[in-house]
Amino acid sequence: MKPASFDYHAPNTIEEVVTLKSQYGDDAKFLAGGQSLVPAMNFRIAQPSVLIDLNRVSDLSFIREDKKVIRIGSMARERHLEFDASIEKHAPLLHEAVPFIAHPQIRNRGTIGGSIVNADPAAELPVLMTALSAKLKAKSKSAERWIDAKDFFAGMFTTALMPDEVLAEIELPFAEARTGWSFMEVAPRAGDYALMGVATLVTLDENGKCKSAKLVYLNAGDGPVDAVEAAQSLVGESLNDTLIESAALHASEKEINPFGNMHASAEFQRHLAKTLTKQTLKIAAERATQEN
Amino acid sequence: MTHTITLTVNGQKYTREVEPRLLLSDFLRHELGLTGTHVGCEHGVCGACTIMFDGESARSCLMFAVQADGHEITTVEGLAKDKDDLHPLQQSFWEAHGLQCGYCTPGILMTMIPFLKQNPNPTEDEIRHALSGNLCRCTGYQHVVDAVKLASEKMREIED
Numbered sequence: 000m001k002p003a004s005f006d007y008h009a010p011n012t013i014e015e016v017v018t019l020k021s022q023y024g025d026d027a028k029f030l031a032g033g034q035s036l037v038p039a040m041n042f043r044i045a046q047p048s049v050l051i052d053l054n055r056v057s058d059l060s061f062i063r064e065d066k067k068v069i070r071i072g073s074m075a076r077e078r079h080l081e082f083d084a085s086i087e088k089h090a091p092l093l094h095e096a097v098p099f100i101a102h103p104q105i106r107n108r109g110t111i112g113g114s115i116v117n118a119d120p121a122a123e124l125p126v127l128m129t130a131l132s133a134k135l136k137a138k139s140k141s142a143e144r145w146i147d148a149k150d151f152f153a154g155m156f157t158t159a160l161m162p163d164e165v166l167a168e169i170e171l172p173f174a175e176a177r178t179g180w181s182f183m184e185v186a187p188r189a190g191d192y193a194l195m196g197v198a199t200l201v202t203l204d205e206n207g208k209c210k211s212a213k214l215v216y217l218n219a220g221d222g223p224v225d226a227v228e229a230a231q232s233l234v235g236e237s238l239n240d241t242l243i244e245s246a247a248l249h250a251s252e253k254e255i256n257p258f259g260n261m262h263a264s265a266e267f268q269r270h271l272a273k274t275l276t277k278q279t280l281k282i283a284a285e286r287a288t289q290e291n
Numbered sequence: 000m001t002h003t004i005t006l007t008v009n010g011q012k013y014t015r016e017v018e019p020r021l022l023l024s025d026f027l028r029h030e031l032g033l034t035g036t037h038v039g040c041e042h043g044v045c046g047a048c049t050i051m052f053d054g055e056s057a058r059s060c061l062m063f064a065v066q067a068d069g070h071e072i073t074t075v076e077g078l079a080k081d082k083d084d085l086h087p088l089q090q091s092f093w094e095a096h097g098l099q100c101g102y103c104t105p106g107i108l109m110t111m112i113p114f115l116k117q118n119p120n121p122t123e124d125e126i127r128h129a130l131s132g133n134l135c136r137c138t139g140y141q142h143v144v145d146a147v148k149l150a151s152e153k154m155r156e157i158e159d
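Residue numbers (numbering that gives the first Met the number 0), protein chains in the order written: chain V, 0 to 291; chain S, 0 to 159.
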């Protein structure tokens, strides 16, 4: 298995990156960590005529706090997210979920931006960006714009990015006070694609009632699936078992749309979604009571 | 169009002309003759081609040689001082029967070196988790786990 020929560019600055992209448009693919693109090229599923390698653009691989947000360069490696103290403190959901992404060798190379832009419905990072209400900065030669994660994912392997844009930065708001989190997925083997997974957030008000909640699923449709109705059903209430059961039932039966595959039927995926929703909601609610 | 790259492999500097599409795994094997890096699935699943890239384990089949320009690579050939003086991890694989056919072994070794550096006293669970990205079709993994455990003991003794 050998990739088809391509022209290779390795720019050092973001300005060169967007200039090259404006020149080549859809003919050019960005090479980030290469952990999804290169297999596709080895199989010749992908045969881009131009590769723009982002690995030498040093000002794309930062993680830093800035007032009440965390700013992450699109070329920050998943391995760096995993061990970053700011992320652990202010985006604990992301901290908990990153070790579920593939294997350590893959996380050493794979980048946050690469996984987001690849928009694989079975991937963790698009789901996490949606759950965390991330803002994504798209940059072209002439302009730059911020896109909300909920508007970014436009279907299977499809995003809102234009052919002349690069994803430059990710902005994550700090977790609110009294916010609990939980991420769970079921995979046949650690690091394999998950059959089902859910990122869950619960924020409580001062009286211990649910102020807001998020339930976002992977491998449950053609992109991250945000179960807004199930989450809304929790708001204003004390999270008891009956309520959690009915939210889990609604999300898994009415809001997600898993396709089923050779490893799991759609029915089994719904079963997993229901079970994981219950488990994660309980953990998130419990953690929310401990987080001031 | 070819590109000129200069990189360090096992402490030795090499300069070569490469086509951009040449995978790093094929570069190491065919251009440098370092056939210890094995090629299994060529799409990042089996882990046989794992090398160390700037000290961190990575799949060499998921990188292009041209990306390694200016970087430092360690392959399995860089572990032992000579054939009678194996790296403690290699010695442990020998003693604990951590391999049968040996096809997956270089990839496992190059995964476990950075793992043991980061986690010098791992539990069995942690070892199994760290191994999850490397497929072995012979051993059933038990003796691989034993070998890594033995290596962690040997390497801690050296440290002390």
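C-beta atoms are modelled at their ideal positions from N, C-alpha and C, and glycine is treated no differently.
Please read all numbers here as calculations on a predicted model, not as lab measurements.
In this structure, the alpha-carbon of L275/V lies about 34 Å from that of I44/V. By DSSP's assignment, L50/V forms a beta bridge with Y7/V, K28/V. With fewer than 16 other Cβ atoms inside 10 Å of its own Cβ, I157/S counts as exposed.
A Cβ-Cβ separation of about 11 Å leaves A47/S out of contact with G35/S under the 8 Å criterion. When the alpha-carbon of D52/V is set against those of A75/V, G33/V, P38/V, the nearest one is in G33/V. Legend: CB atoms of the region 35–63 of chain S lying less than 9 Å from CB atoms of chain V belong to residues C40, E41, H42, G43, V44, G46, T49, F52, E55, S56, A57, R58, C60, L61, M62, F63.
Beta-bridge partners of F63/S (DSSP): L22/S.
Taking a C-beta distance under 7 Å as the contact criterion, A247/V and K273/V qualify as a contact pair. At a C-beta separation below 9 Å, H96/S has no neighbours in chain V, since its nearest C-beta there lies roughly 23 Å away.
The beta-carbon of S131/S is placed less than 7 Å from the nearest beta-carbon of chain V. Interface with chain V (7 Å Cβ-Cβ cutoff): V143/S is excluded. F52/S carries a strand assignment under DSSP once its states are collapsed to helix, strand and coil. Per DSSP, the continuous alpha helix (DSSP H) segment holding D150/V begins and ends at 148–151. With respect to chain V, the C-beta atom of P105/S has no partner C-beta closer than 7 Å.
Looking only at Y7/V, E15/V, D83/V, D58/V, the smallest Cα-Cα distance to D26/V is reached by Y7/V. Within the region 85–150 of chain S, the complete alpha helix (DSSP H) segments of 4 residues or longer fall at 87–94, 104–117, 123–129, listed in chain order. Taking C-beta separations shorter than 6 Å and ignoring five residues to either side along the sequence, the partners of A101/V in its chain run G190, following chain order. Per the DSSP secondary-structure output, Q289/V pairs with nothing in a beta bridge. Contact check for L131/V against I69/V fails: the beta carbons are separated by 7 Å or more. Here the region 166–181 of chain V lies against the region 195–209 of chain V, with 3 or more beta-carbon pairs under 8 Å apart.
For M195/V, the enclosing beta strand (DSSP E) stretches over residues 195–203. N41/V has its alpha-carbon roughly 5 Å from the corresponding atom of M0/V.
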